[in-house]
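Let me begin by presenting the structure, written as C-alpha coordinates, before commenting on it.
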Amino acid sequence: HTGYVSSVAFSPDGTRIASGSEDNSIRIWTAADGTVERILSGHTGYVSSVAFSPDGTRIASGSDDWTMRIWTAADGTVERILTSYVDSSWVMSVAFSPDGTRIASGSWDQTVRIWNWAD
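Using this note's numbering, you'd call the opening residue of the sequence shown number 2 and step up by one each time.
Have a look at this one:
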(Lines of atoms letter the chains of each structure in order from A; the text may use other names.)
(Lines give C-alpha, C1' and ligand atoms only; values in the text may rest on other atoms or scores of the structure.)
Protein backbone atom coordinates (compact mmCIF):
# COMPACT_ATOMS: atom_id res chain seq x y z
CA HIS A 2 0.00 0.00 0.00
CA THR A 3 1.01 3.59 -0.46
CA GLY A 4 -1.17 4.90 2.39
CA TYR A 5 -2.08 3.79 5.87
CA VAL A 6 -3.84 0.45 6.24
CA SER A 7 -7.24 0.86 7.88
CA SER A 8 -8.56 -2.71 7.89
CA VAL A 9 -7.37 -6.30 7.60
CA ALA A 10 -9.23 -9.62 7.51
CA PHE A 11 -8.21 -13.26 7.22
CA SER A 12 -10.03 -15.52 4.79
CA PRO A 13 -12.05 -18.22 6.59
CA ASP A 14 -9.48 -20.89 5.70
CA GLY A 15 -6.59 -18.68 6.86
CA THR A 16 -4.69 -18.79 3.56
CA ARG A 17 -5.27 -15.18 2.47
CA ILE A 18 -5.45 -11.74 4.05
CA ALA A 19 -7.36 -8.77 2.64
CA SER A 20 -6.27 -5.25 3.55
CA GLY A 21 -7.94 -1.90 2.88
CA SER A 22 -6.05 1.36 2.72
CA GLU A 23 -6.05 5.12 2.47
CA ASP A 24 -4.67 4.62 -1.05
CA ASN A 25 -8.23 3.57 -2.11
CA SER A 26 -7.18 -0.02 -2.79
CA ILE A 27 -7.67 -3.48 -1.39
CA ARG A 28 -4.82 -5.95 -1.49
CA ILE A 29 -5.13 -9.71 -1.26
CA TRP A 30 -2.08 -11.31 0.34
CA THR A 31 -0.92 -14.90 0.65
CA ALA A 32 -0.80 -15.46 4.41
CA ALA A 33 2.03 -18.00 4.28
CA ASP A 34 4.64 -15.73 2.73
CA GLY A 35 3.14 -12.22 2.52
CA THR A 36 3.16 -11.93 -1.26
CA VAL A 37 0.49 -9.80 -2.92
CA GLU A 38 -1.86 -11.95 -5.03
CA ARG A 39 -3.80 -9.05 -6.48
CA ILE A 40 -4.76 -5.41 -6.02
CA LEU A 41 -8.44 -4.47 -6.20
CA SER A 42 -9.11 -0.96 -7.47
CA GLY A 43 -12.37 0.92 -7.93
CA HIS A 44 -13.13 2.88 -4.78
CA THR A 45 -12.63 6.63 -5.15
CA GLY A 46 -12.04 7.16 -1.43
CA TYR A 47 -10.09 5.39 1.26
CA VAL A 48 -11.12 1.84 2.08
CA SER A 49 -12.17 1.78 5.73
CA SER A 50 -13.25 -1.83 6.09
CA VAL A 51 -12.86 -5.24 4.44
CA ALA A 52 -14.46 -8.61 5.20
CA PHE A 53 -14.39 -12.06 3.63
CA SER A 54 -17.64 -13.95 3.09
CA PRO A 55 -17.99 -17.09 5.23
CA ASP A 56 -17.12 -19.31 2.26
CA GLY A 57 -14.15 -17.10 1.30
CA THR A 58 -15.34 -16.50 -2.26
CA ARG A 59 -16.20 -12.81 -1.86
CA ILE A 60 -14.85 -9.72 -0.18
CA ALA A 61 -16.98 -6.80 0.99
CA SER A 62 -15.42 -3.37 1.28
CA GLY A 63 -16.63 -0.07 2.69
CA SER A 64 -15.23 3.31 1.75
CA ASP A 65 -15.47 7.02 2.37
CA ASP A 66 -16.68 7.28 -1.24
CA TRP A 67 -20.11 6.39 0.29
CA THR A 68 -20.21 2.92 -1.28
CA MET A 69 -19.85 -0.71 -0.41
CA ARG A 70 -18.49 -3.08 -3.02
CA ILE A 71 -18.74 -6.85 -3.28
CA TRP A 72 -15.73 -8.38 -5.04
CA THR A 73 -15.05 -11.88 -6.31
CA ALA A 74 -12.03 -12.97 -4.29
CA ALA A 75 -10.66 -15.29 -7.00
CA ASP A 76 -10.24 -12.67 -9.73
CA GLY A 77 -10.99 -9.28 -8.16
CA THR A 78 -14.01 -8.37 -10.27
CA VAL A 79 -16.73 -6.19 -8.76
CA GLU A 80 -19.99 -8.13 -8.42
CA ARG A 81 -22.05 -5.35 -6.91
CA ILE A 82 -21.80 -1.72 -5.83
CA LEU A 83 -24.19 -0.69 -3.05
CA THR A 84 -24.83 3.06 -3.00
CA SER A 85 -27.62 3.94 -0.58
CA TYR A 86 -25.54 6.36 1.43
CA VAL A 87 -25.69 10.13 0.97
CA ASP A 88 -22.99 12.80 1.21
CA SER A 89 -20.85 12.52 4.35
CA SER A 90 -22.13 9.02 5.14
CA TRP A 91 -18.88 7.15 4.82
CA VAL A 92 -19.10 3.39 5.18
CA MET A 93 -16.90 2.72 8.20
CA SER A 94 -17.39 -1.02 8.77
CA VAL A 95 -18.75 -4.09 6.99
CA ALA A 96 -19.47 -7.68 8.05
CA PHE A 97 -21.07 -10.68 6.36
CA SER A 98 -23.83 -12.66 8.07
CA PRO A 99 -22.86 -16.24 8.99
CA ASP A 100 -24.71 -17.61 5.94
CA GLY A 101 -23.21 -14.99 3.60
CA THR A 102 -26.53 -13.70 2.26
CA ARG A 103 -26.52 -10.38 4.09
CA ILE A 104 -24.01 -7.68 4.93
CA ALA A 105 -24.17 -5.31 7.88
CA SER A 106 -22.61 -1.88 7.48
CA GLY A 107 -21.92 0.90 9.92
CA SER A 108 -21.50 4.44 8.68
CA TRP A 109 -20.46 7.94 9.55
CA ASP A 110 -24.14 8.96 9.77
CA GLN A 111 -24.48 6.83 12.94
CA THR A 112 -26.56 4.11 11.30
CA VAL A 113 -26.25 0.37 10.97
CA ARG A 114 -27.82 -1.11 7.85
CA ILE A 115 -28.51 -4.67 6.78
CA TRP A 116 -28.20 -5.42 3.06
CA ASN A 117 -29.57 -8.42 1.20
CA TRP A 118 -26.76 -7.93 -1.25
CA ALA A 119 -27.69 -10.68 -3.70
CA ASP A 120 -31.12 -9.09 -4.45
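Ideal Cβ positions, reconstructed from N, Cα and C, are used throughout, including at glycine.
All of these numbers come straight from a predicted model, not from anything done at the bench.
For residue 107, the first and last residue of its enclosing beta strand (DSSP E) = Counting along the chain, the beta strand (DSSP E) containing residue 107 begins and ends at 104 to 108.
What whole-angstrom Cβ distance do residue 26 and residue 48 have, given they're in contact under 8 Å?
-> Yes, residue 26 and residue 48 are in contact; Cβ-Cβ is about 7 Å, under 8 Å.
Distance, Cα to Cα, residue 38 vs residue 28?
-> Between residue 38 and residue 28, the C-alpha separation is close to 8 Å.
Taking residue 69 as the reference, give the member of 2, 30, 14 and 21 with the closest Cα.
-> Measuring from the Cα of residue 69, the nearest candidate turns out to be 21.
Under three-state DSSP, which class holds residue 12?
-> If DSSP states are grouped into helix, strand and coil, residue 12 belongs with coil.
Mind checking residue 40: buried by the 16 CB within 10 Å criterion, or exposed?
-> Residue 40 is classed as exposed because its beta carbon has fewer than 16 other beta carbons within 10 Å across all chains shown.
Spatial neighbours of residue 4 within its chain, please: CB distance less than 6 Å, with the 5 preceding and 5 following residues excluded, ordered by chain position.
-> Excluding positions up to five away in sequence, the list reads 22, 23 and 24.
According to DSSP, what are the bridge partners of residue 62?
-> The partner list for residue 62 (beta bridge, DSSP) reads 51 and 70.
State yes or no: is the C-beta of residue 43 within less than 9 Å of the C-beta of residue 79?
-> Between residue 43 and residue 79, the CB-CB gap stays under 9 Å.
Is residue 30 helix, strand or coil when you go by DSSP?
-> Three-state result, residue 30: strand.
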